[in-house]
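Under my numbering, the first residue of the sequence shown is numbered 375, with each subsequent residue one higher.
Every residue, glycine too, gets a C-beta built ideally from N, C-alpha and C.
Predicted model only: the values in this text are computed from it and were never measured.
Take a look at the structure below.
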Amino acid sequence: MSEPVYIINTGARTALGLHAAASAAALRAAISGNAKYPYWVDQTGAPVTLALDRELPPDLPCRQRMLALARSALAEACRPLQELSWPQPVPLWLGFPEPRPGFCVNDAHWVSHHLSGEPLIDSNNDSIKLALGGHSAVLTLLHQARQMMEQRHWLVCLVGGVDSYLQPDTLAWLDQHRQLAGPVSRSGFVPGEGAGFVLLMTAEAAREAGLEPLARLVNSATGRETKLIKTQDINLGEALTRTVQDTLSPLHPAQQPVNQIYCDINGERYRGEEWGFTCLKLAHYFEDPTGYWSPADCWGDTGAASGALFVTLATQAAQRGYASGPRNLLWASSEAGPRAGVLLETPYQASPYRG
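Put into structure tokens, the structure is as follows:
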């Protein structure tokens, strides 16, 4: 029999807040972190709209920004272990952007090397895993960690991701492909930055530590799309449909509909259409397949940090009584084709303050 896997804590840092609660509260209030920055201009000379961490200097190099963001979110996620003086080092799985102009494998290794020296982290190379998987990286890592922890390979694990688009070559590349929100593109997005981490424990470990779980990681799945963005192929959502269907396979749709959806839809037509095709095939699984949360609207596109930040939003909603119900679908799509989905079950109590 497999061991249940639980979310014990989360950590977050975004353009809207320096920790999980502040980020989620600002997003719920529809506060926007987007602003025009005159020292970054697109090909027409217009200021680029970005969603940046206001505590970091705008001229701080990209990988140093990522390290600062990740350290903050990681420390928050680790807090329950620090309070318990946890005796053993913890494996760390990290999601990063897909290789792109302005970010490469060496940058990911640089960030992970510095994070490996943080308290509680197992610096053994076998315990640190990197995934340069873009938007779906963290959800894919959660899928893999769940499988290992259900078989009791680990009792505790930290999974997280970090991203920042604030790099000249990266912004120029997005501009070249008409992906920047603004007058040049009708389906661009606002580049953002952020980091998120999730502390996972098996039921046995959480019970022995006396920690109350925030959510249960019920199921997860991954897939790969072959009809990619920036090509002439038409994406009909086949891979995302299969991934979501596999993720939701434990549910009986008529009695157990998904109450809330968190996703990386960011204003790009490709992503919106992909979910539209998926909805046409799987609408019966959801209370409202169009009632999704797309946090990129407020804190910008957070790329490889997205999956962990979705977990933060779902658990914060449950903790503070405004969740729509106990069942949460998280999904994400990466440009190179990976798709990933996670089904979370959170404690639920009907509240008049639901929003």
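Following the DSSP letters along the chain, one finds residue 684 inside the alpha helix (DSSP H) bounded by residues 680-693. Residue 597 places its beta carbon less than 7 Å from that of residue 616. Between residue 694 and the set 718, 722, 404, 626, the nearest pair of CA atoms involves 722.
Using a 10 angstroms sphere on the CB of residue 527, the tally of other CB atoms stays under 16, which defines it as exposed. Here residue 678 is not near residue 543, since their CB atoms are 7 Å or more apart. Sixteen is the threshold: since fewer than 16 other Cβ atoms of the shown chains lie within 10 Å of the Cβ of residue 462, the residue is exposed.
Residue 557 sits exposed, since fewer than 16 C-beta atoms from the chains shown fall within 10 Å of its C-beta. Excluding sequence positions up to five before and after residue 688, its CB lies within less than 8 Å of the CB of 589, 634, 636, 697, 702, 704, 718, 720, all in the same chain and listed in chain order. The residues 644, 709, in chain order, have a CB closer than 6 Å to that of residue 603 in the same chain once the five nearest residues on each side in sequence are set aside.
When C-alpha distances from residue 534 are compared across 427, 621, 564, 506, the shortest belongs to 506. Cα atoms of residue 453 and residue 392: separation of roughly 15 Å, rounded to the nearest angstrom. For residue 610, DSSP assigns no beta-bridge partner whatsoever. Short of 8 Å from the beta carbon of residue 456, and not among the five residues preceding or following it, lie these beta carbons of its own chain, in chain order: 493, 494. About 5 Å separates the beta carbon of residue 379 from that of residue 523, a gap short enough to meet the 8 Å contact definition. Apart from sequence neighbours up to five positions away, the residues of its chain that approach residue 638 with a beta-carbon distance below 6 Å are 509, 680, 706, ordered along the chain.
Taking each of 724, 673, 613 in turn and checking the Cα distance to residue 651, the smallest one comes out for 613. If you draw a straight line from the Cα of residue 554 to the Cα of residue 641, it is about 10 Å long. Only buried fits residue 517, as 16 or more other CB atoms lie within 10 angstroms of its CB. Every beta strand (DSSP E) of 3 residues or more that sits fully in the segment 597-661 is shown, in chain order, as 634-637.
Of the candidates 724, 670, 470, 426, the residue whose Cα lies closest to the Cα of residue 563 is 670. Under DSSP, the beta-bridge partners assigned to residue 593 are 717. Per DSSP, the beta-bridge partners of residue 531 are 574. In terms of Cβ geometry, residue 621 and residue 657 do not form a close pair [threshold 7 Å].
Residue 609 and residue 676 have their C-alpha atoms some 23 Å from each other. If the five residues before and after residue 440 are omitted, its C-beta is found closer than 6 Å to the C-beta atoms of 485, 536, 538, all from its own chain and listed in chain order. Taking all protein chains in view, the Cβ of residue 502 is crowded by 16 or more other Cβ atoms within 10 Å, so the residue is classified as buried. Non-local beta-carbon contacts of residue 432 in its own chain, meaning distances under 6 Å to residues more than five positions away in sequence, are absent.
When DSSP states are grouped into helix, strand and coil, residue 554 belongs to the strand group.
Residue 458 is classed as exposed because its beta carbon has fewer than 16 other beta carbons within 10 Å across all chains shown.
Remark: C-beta atoms of residue 661 and residue 631 approach each other more closely than 7 Å. Under DSSP, residue 388 takes part in a beta bridge, and its partners are 391.
For residue 707, the enclosing beta strand (DSSP E) has its first and last residue at 701-707. Excluding the 5 residues flanking it on each side, residue 577 has same chain C-beta neighbours closer than 7 Å at 377, 378, 380, in chain order. Residue state for residue 423 is assigned as strand, using DSSP reduced to three classes. Per DSSP, residue 504 is one residue of the beta strand (DSSP E) stretching across 502-506. In the DSSP assignment, the residues bridged to residue 381 are 574, 589.
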